[in-house]
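Q: Protein chains in written order, with the numbering used here: chain A, 1 to 250; chain B, 1001 to 1248. Ideal placement from N, C-alpha and C gives every residue a C-beta, glycine not left out. Handing you this structure, nothing more for now.
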């Protein structure tokens, strides 16, 4: 079947044109170093955003789980935030913040495009990741909190030493999934003009009338996300084996 | 000299269901009191109220002369002095035995790690668990897990220990080791309230037995009286069922 598909593509009327425009080995070699260099910005955005997301999302998830009427406004705020930023397309958030904030002309507001790119991704992904954490927190049986509190631990200590460590362990695979999404979405920052891999590829494409540069960018993204995906699969499989082993032990 | 624990007129409902309908109970220092009664009679809820894990609707709970159900009482402070052990062990699965036992002393009592661990190792050693110190709970038998759970509560040096059907989740052959540990604590003078289905054990361990039925204390007294000459028809029925089931 694949052979058939490959044949169909190769024998397509535009194949020669396509090959010249998208699969030029010469353009690939010429553009790759520049794009690889620009890709460092994607990696940098990812490396700055991810730790912030992991920390903030945990705070949002914990706030959503605090019981009691006193905390109701905070819970509502956390829910509204998560709903809003999961609903708005990431690219819109980046456009609005990246173009809007510098346009305010306030001297103390950073104008760096990368900065606003990071902020946008943090806002969007924190909303997603907080949901992942929340699922983890809710999966820890209430008897664990009772055991922690019965020792005299405060609610915060119970979270810190008993609930959160168990919750995080359970959601590592879905967290990694979101890592992969974030790594890919760093390319969206190109829409406000930050010169990362996709933007560099577009620049090259425009300069040479050849689109092979996009292939070079794609190769770079795949080089990062595929190992991450394999790691996620491996962790998922390990978790499943563990649970089965635990079930057998019972 | 006030009692170690006094409960007066305790009411507690979950939704529309009244689980405790005015319970009065008193435990003297160094006394082991057993709560018996059918499942659903309110034994677990009573113990959870004493540990302030459940807010009460009305009544008073006084521990060592201090009303712990009064407004503005620091619940964490109260719980320091009251240990509770659960039916399902509730050990922390992500921590070793040693970490389970030292968490409270380190984080609540503020002991330095070295001291907390030395005390925990000594405690584990006294009850034959020192070789398990670095194991995770899921590697232990149910009996060992429950003994670790009891030691976790004991590590806080509580003045009062609440045991909530600590053998109900165990295979029959593992019940003995846990009961032996509880017996040893009672002999050492630990003040205890023990909710149990093990009538033979209650009879032997208890200084006094309370029979709880549908959220009320129907009868209380020394074990010989409750088990041999119960006054209330409901107590007689309950014990007759237990005897018929071969559990006494």
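Could you tell me the alpha carbon to alpha carbon distance between residue 1102 of chain B and residue 1128 of chain B, rounded to whole angstroms?
A: Rounded to the nearest angstrom, the two C-alpha atoms are 17 Å apart.
Q: For residue 1147 of chain B, return the contacting residues in chain A, with the cut-off set at a CB-CB distance below 7 Å.
A: None at all; the shortest Cβ gap to chain A is about 15 Å.
Q: Using the DSSP secondary-structure output, state which residues sit across from residue 1210 of chain B in a beta bridge.
A: Answer is B:1035, B:1220, bridged to residue 1210 of chain B.
Q: If the criterion is Cβ atoms closer than 8 Å, does the pair residue 1224 of chain B and residue 1235 of chain B meet it?
A: Contact flag unset, no.
Q: What's the C-alpha gap between residue 12 of chain A and residue 132 of chain A?
A: In a straight line, the C-alpha of residue 12 of chain A is about 45 Å away from that of residue 132 of chain A.
Q: Among B:1150, B:1112, B:1138, whose alpha-carbon lies nearest the alpha-carbon of residue 1126 of chain B?
A: Taking only the C-alpha atoms, the option nearest residue 1126 of chain B is B:1150.
Q: Do residue 186 of chain A and residue 45 of chain A have their C-beta atoms within less than 8 Å of each other?
A: Taking 8 Å as the Cβ cut-off, residue 186 of chain A and residue 45 of chain A qualify as a contacting pair.
Q: List the residues of chain B that residue 139 of chain A touches, going by C-beta distances under 8 Å, in chain order.
A: Under the 8 Å cutoff, chain B gives no residues; its nearest Cβ is about 12 Å from residue 139 of chain A.
Q: Can you grab the Cα-Cα spacing for the pair residue 200 of chain A / residue 229 of chain A, in whole Å?
A: Their backbone Cα atoms lie some 25 Å apart in a straight line.
Q: Between B:1174, B:1083, B:1207, B:1113, which lies nearest to residue 1152 of chain B when the distance is taken from Cα to Cα?
A: Looking at the Cα atoms, B:1083 is the closest of the given residues.
Q: List, in order along the chain, the chain A residues whose C-beta lies closer than 7 Å to that of residue 1107 of chain B?
A: Correct list: 153, 157, 161.
Q: Can the beta-carbon of residue 90 of chain A be found closer than 8 Å to that of residue 176 of chain A?
A: Cβ distance not < 8 Å, so residue 90 of chain A and residue 176 of chain A don't count as in contact.
Q: Reducing DSSP to helix, strand and coil, say where residue 1023 of chain B ends up.
A: Strand at residue 1023 of chain B.
Q: For chain B, find out if any of its Cβ atoms is closer than 8 Å to the Cβ of residue 199 of chain A; answer yes or no.
A: No - not a single Cβ of chain B is within 8 Å of the one on residue 199 of chain A.
Q: First and last residue of the alpha helix (DSSP H) that includes residue 1164 of chain B?
A: Looking at the DSSP string, residue 1164 of chain B is not in any alpha helix (DSSP H); the run it does join, the beta strand (DSSP E), is 1160-1164.
Q: Closer than 8 Å, Cβ to any Cβ of chain A: which residues of the segment 1057-1073 of chain B, in chain order?
A: Within the segment 1057-1073 of chain B, no residue qualifies.
Q: Within its chain, find whatever has a CB closer than 8 Å to the CB of residue 1088 of chain B; leave out the 5 residues flanking it on each side and keep chain order.
A: Same-chain partners within the cutoff: 1169.
Q: Ignoring anything shorter than 3 residues, give me the beta strand (DSSP E) runs that lie fully in the segment 1081-1158 of chain B, in order along the chain.
A: Here the runs fully enclosed are 1082-1085.
Q: Please check if any C-beta of chain A sits within less than 8 Å of the C-beta of residue 1086 of chain B.
A: So yes, residue 1086 of chain B belongs to the interface.
Q: Chain A partners of residue 1094 of chain B, CB-CB under 7 Å?
A: Here the neighbours are 165, 166, 169.
Q: Less than 6 Å between C-beta atoms, sequence neighbours within five positions excluded: which residues of the same chain meet that for residue 1232 of chain B?
A: The answer, listed in chain order, is 1218, 1219.
Q: Name the DSSP beta bridge partners of residue 1006 of chain B, please?
A: According to DSSP, which records beta bridges pairwise, residue 1006 of chain B is partnered with B:1026, B:1062.
Q: Extract the residue ranges of the alpha helix (DSSP H) inside the segment 193-226 of chain A, only unbroken runs of 4 or more that lie entirely within it.
A: Qualifying alpha helix (DSSP H) stretches, in chain order: 197-208.
Q: So who's on the other strand from residue 1192 of chain B, going by DSSP bridges?
A: DSSP lists B:1032, B:1161 as partners of residue 1192 of chain B.
Q: With distances taken between CB atoms, is the gap from residue 134 of chain A to residue 72 of chain A smaller than 8 Å?
A: No, these two residues do not count as a Cβ contact at 8 Å.
Q: Show which residues of chain B have a CB atom less than 9 Å away from the CB atom of residue 149 of chain A.
A: What residue 149 of chain A touches in chain B: 1051, 1052, 1053, 1075, 1076, 1079.
Q: Comparing alpha-carbon positions, which option in A:83, A:164, A:114 lies nearest residue 98 of chain A?
A: Answer by Cα proximity: A:114.
Q: What does DSSP give as the partner residue(s) for residue 184 of chain A in the beta ladder?
A: Paired residues: none, contrary to the question.
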